[in-house]
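Heads up: the structure comes next, in structure tokens.
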Amino acid sequence: MTGFSSDAQTMSFVAFIAVTTVTLLLCVMTGPDRDDLDEFYTGFRSLSPMQSGLAIAGDYISAASVLGTVGVISLLGQDGLVLALSTVLSLVLLMFLLAEPLRNAGRFTMGDVLTRRAPSSAVRITACLVTLIALFPLLIFQLAGAGDLLAFVLGINAAGFKTGSIVLLGVLMIIYAAIGGMKGTAFIQVVKTVVLLAAAAAIASLILNRFDFSIPSLLDAAARGSGAGDAYLAPGLQFGGDGLDMISAQLTVVLGAACLPHITMRMFSSRSAPAVRRSMSWAVSTVVVVCLLCAVIGFGAAAVVGREQITLGDPQGKTSILLVSQAIMGNDVSTFETLLFTAMTTAIFLTLLASVAGITLACANTLAHDLITHGLRHKKALRHSTEMTIARATAAAVGLVAIFIAAASRHVNLQAMITLSFCLGASAVAPALIYSLFWRRYNRTGLLSTLIGGTASVLILITGTTLVSGSPQAIFPDSDFSWFPYTTTGLVSVPVGFLAGWIGTVFTRHSPGARRQEEYEYDAVEASILADAGRPQG
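Under our numbering, the residue at position 481 of the sequence shown is numbered 463, and the numbers go up by one with no gaps.
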């Protein structure tokens, strides 16, 4: 049992039903009402910069990010805070380096961006496969944790209830992605972001009020509650003090978090280059505020709940945000405090729904647009209505497969899944996008080398980490075949991704005429991007 009051559990259950009903209605009302690809994939670029920015922030602030950020700060102190701030830096990097070129070079998917420089069915198919390999683990991780989270809140420990929660959430995410399209899922992300901000701000205020709004008092209490003493507020608690492992993790987060395809696809829904800049300003500001609130809540969890109770709820601290929300209210819970706890649980539930819906949509889009329409049938264009039907069908297929895998792996620690996604974003997607947008000589061979080399290096290296075996938190805790010295692969796989692209490009033999043709095509693409920069698209 969770120890949460019966009133809070009842209100949370009612709130879950209400949120599901309202979001379904919102999806139907804002979703595409005709068979138009622009409407399904981009919502006709009709979102305002503020709406688009909140949607980007919503996709970026996934359930795994919120629960994991609060948990890692509550257990690891300063190291957790530094890792959380790395996610903000990742979005800043996207804002200043990639957002505007992505919007101008792309149409619907990452495959559109890459094939603008290197038109090829092989590039389309490879881009689709890399997108699926990068996003599917993240989708499964969040789905698998949904059952345990809902059971924890409602105090229902039956295995059937947990599996049923996964199935219900999976069915809802299919409906949101298939019916709502880009615009429908964007509005769900906007609602989720606003609710999460309000609930997190209220909980953080109560925590600060407990310590008379004194940050030093809060940190001192957190250090005592963490059981680590002064080490809690000093660097080195995470990764056993291994500095290179910490650098590897930060490199992976900074390059990988904002380059995942379900984040970059939001760039294509902005009306113009100035609009995408304003959208990113909203997104960065929102994520900064959320991270600061999560930091206060994380330190508050260590101070009020304590490490023992946090790890009892979950070894990674993913339930610490709920535990501190309950603990900060005390035994005499008023109606206001019950409503506040309900708001926090509702925000987490809505975060789960919105996050998995956005990822499902990105997977469905690349399957329909990159693989089926342009990869396998590149010589014969499909009708728009046919492609939209395929996109909706692939959303259902992605969802059903994810539901099955998540339900089957519910008892397994899947922390390696989210690490795999971030590593692939940093090692394959980021180098491919950076080279494609900024390197004049980059060619098809280099692009394929980047995608394949970066992905292969991550898949090989991650099998040797302690996230897979050799630790209590591993997928196989009772086995030990770990051989890679770091928790994340970024320190090795990121250079491999960039190096593979450079080698594939530099050592590709071209005749002088072919090289001049490549440079001409690059200039044409660059001119087109610059022309698009000042032209709104409706």
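Beta carbons: idealized from backbone N, C-alpha and C, even for Gly.
Exercise. Would you mind sorting Asp94 into buried or exposed? The rule is 16 or more other CB atoms within 10 Å of its CB.
Key: Counting from one through the sequence shown, the residue named residue 94 turns up at place 112. By the 10 Å Cβ count, Asp94 comes out buried.
Quiz item: Taking buried to mean at least 16 other C-beta atoms within 10 Å of its own C-beta, is Ala160 buried or exposed?
Solution: Here residue 160 refers to the residue found at position 178 when the sequence shown is read from its first residue. Its Cβ being crowded by 16 or more others within 10 Å, Ala160 is buried.
Practice problem: Quick one: residues in its chain with C-beta nearer than 6 Å to the C-beta of Gly340, no 5 flanking neighbours on either side, listed in chain order? | Solution: By 1-based counting over the sequence shown, the position of residue 340 is 358. Closer than 6 Å at the Cβ level, and outside the excluded window around Gly340, lie Asp41, Thr167, His244.
Exercise. Reducing DSSP to helix, strand and coil, say where Phe458 ends up.
Key: Locating residue 458 in the sequence shown gives position 476, where the first residue counts as 1. Reduced to three states, the DSSP call for Phe458 is strand.
Quiz item: For Thr145, which residues of its own chain have a beta-carbon under 8 Å away from its beta-carbon, when the five flanking residues on both sides are left out?
Solution: Taking the sequence shown and counting its residues from 1, the one referred to as residue 145 is at position 163. The residues are Gly129, Ala389, Arg392.
Practice problem: Assign Ser28 to one of three DSSP states: helix, strand, or coil. | Solution: Looking up residue 28 in the sequence shown gives position 46. Here Ser28 sits in coil by DSSP.
Quiz prompt | Check whether Trp264 and Pro31 have beta carbons under 8 Å apart | solution = Looking up residue 264 in the sequence shown gives position 282. Looking up residue 31 in the sequence shown gives position 49. Against a cut-off of 8 Å, the Cβ pair of Pro31 and Trp264 comes out as a contact.
Quiz prompt | Closest Cα partner of Gly486 within the set Gln455, Ser453, Ala344, Leu430 | solution = As a first step, residue 486 must be located in the sequence shown, where it is residue number 504. Residue Leu430 is the option with its Cα nearest to Gly486.
Practice problem: Could you spell out where the alpha helix (DSSP H) holding Tyr214 opens and where it closes? | Solution: Indexing the sequence shown from 1 puts residue 214 at position 232. Neither: Tyr214 is in no alpha helix (DSSP H) and is coded neither H nor E.
Quiz item: Just reading off the alpha helix (DSSP H) that Cys276 is part of, what are its end residues?
Solution: In the sequence shown, the residue the question calls residue 276 occupies position 294. Taken as a continuous stretch (DSSP letters only), the alpha helix (DSSP H) holding Cys276 covers 255 to 286.
Quiz item: From Ala456 to Gly446, what distance separates their C-alpha atoms?
Solution: If you number the sequence shown from 1, residue 456 lands on position 474. If you number the sequence shown from 1, residue 446 lands on position 464. Rounded to whole angstroms, Ala456 to Gly446 spans 11 Å at the Cα level.
Exercise. Return the first residue and the last residue of the alpha helix (DSSP H) that Gln291 is part of.
Key: In the sequence shown, counting from the first residue as 1, residue 291 sits at position 309. 289 to 295 is the span of the alpha helix (DSSP H), which, as asked, contains Gln291.
Quiz prompt | Distance CB(Ser403)-CB(Gly436) smaller than 8 Å | solution = Within the sequence shown, numbered from 1, the residue matching residue 403 stands at position 421. Within the sequence shown, numbered from 1, the residue matching residue 436 stands at position 454. Contact flag unset, no.
Self-check item: Three-state secondary structure assigned by DSSP to Ser451
Solution: One-based indexing of the sequence shown puts residue 451 at position 469. Strand at Ser451.
Exercise. Give the straight-line distance between the Cα atoms of Arg27 and Ile122, rounded to the nearest whole angstrom.
Key: Position 45 of the sequence shown holds residue 27. Position 140 of the sequence shown holds residue 122. Cα to Cα, the separation comes out at about 29 Å.
Quiz prompt | Contacting residues, own chain, Cβ-Cβ under 8 Å from His366 (five flanking each side not counted) | solution = Against the sequence shown, residue 366 aligns to sequence position 384. The answer, listed in chain order, is Asp17, Asp18, Leu19.
Quiz prompt | Segments of 4+ residues assigned as alpha helix (DSSP H) that fall wholly inside the region 29 to 83 | solution = 31 to 42, 45 to 58, 60 to 75
Quiz prompt | Segment limits, alpha helix (DSSP H) that includes Tyr417 | solution = Residue mapping note: residue 417 aligns to position 435 of the sequence shown, counting from 1. Unbroken alpha helix (DSSP H) run through Tyr417: 412 to 420.
Self-check item: Cβ pair Ala398, Ile444 closer than 8 Å
Solution: On the sequence shown, position 416 is the one that residue 398 refers to. On the sequence shown, position 462 is the one that residue 444 refers to. Closer than 8 Å, so yes.
Quiz item: Could you check where the alpha helix (DSSP H) with Ser307 kicks off and where it finishes?
Solution: Locating residue 307 in the sequence shown gives position 325, counting from the first residue. Here the alpha helix (DSSP H) through Ser307 covers 302 to 309.
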